[in-house]
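In this note's numbering, the protein residues as written are 24 to 207.
All residues carry an ideal CB built from backbone N, CA and C; glycine is no exception.
Have a look at the structure below, then the notes.
Below, the structure written as structure tokens:
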């Protein structure tokens, strides 16, 4: 795996460091969370939505159907990590993911609990042979991908919910190939 395809040499396999998955790891993860057998059916759309929105685990789990406006392509979070409400813009892919989800009897979009998510994600990463991947690493991946589409850092921070550019920088892991292409 080249550095531009995934983890940097510094990130390696240190479980304490961010581990944005490379394309192959992401494919394996998505296969490992697919709703087969007794696997939780919330896992695949939850992982996919995390990769599309850069939303935090707690934000995704607390997301209520009444706060999602598919026509406006937005999700309202009355409380975020910093205690402030925020509006999350949704990509067309995110809207389609949400639209395709079966309606459940819960107020929340996802009926899975945080402990169940943690256990299911750990099993999925073991099946996918990516044991050091954390759910939060998906936020790093989503932020880096968004940075390629939204070069304005103020707008990017508004999308991801980062209050400072310093924090945003911790989540941005540039792809060397894309940067080289921009240089010409």
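| Query | Result |
| --- | --- |
| Buried or exposed by the 16-neighbour rule on C-beta atoms within 10 Å, applied to residue 75 | buried |
| Proximity to residue 79 [Cα-Cα], best of 94, 88 and 103 | 103 |
| Length of the line joining the Cα atoms of residue 194 and residue 202 | 16 Å |
| Other residues of its chain near residue 167: CB distance less than 8 Å, five sequence neighbours each side excluded | 43, 194, 195, 196, 197 and 198 |
| Residue from 183, 146 and 145 whose Cα sits closest to the Cα of residue 73 | 183 |
| Minimum length 4: unbroken alpha helix (DSSP H) runs contained in the region 65-117 | 66-76 and 80-85 |
| Same chain, Cβ closer than 7 Å to residue 91, neighbours up to 5 away in sequence not counted | 98, 121 and 132 |
| Between the CA atoms of residue 129 and residue 64 - distance to the nearest angstrom | 15 Å |
| Residue 131 in three-state terms, based on DSSP | strand |
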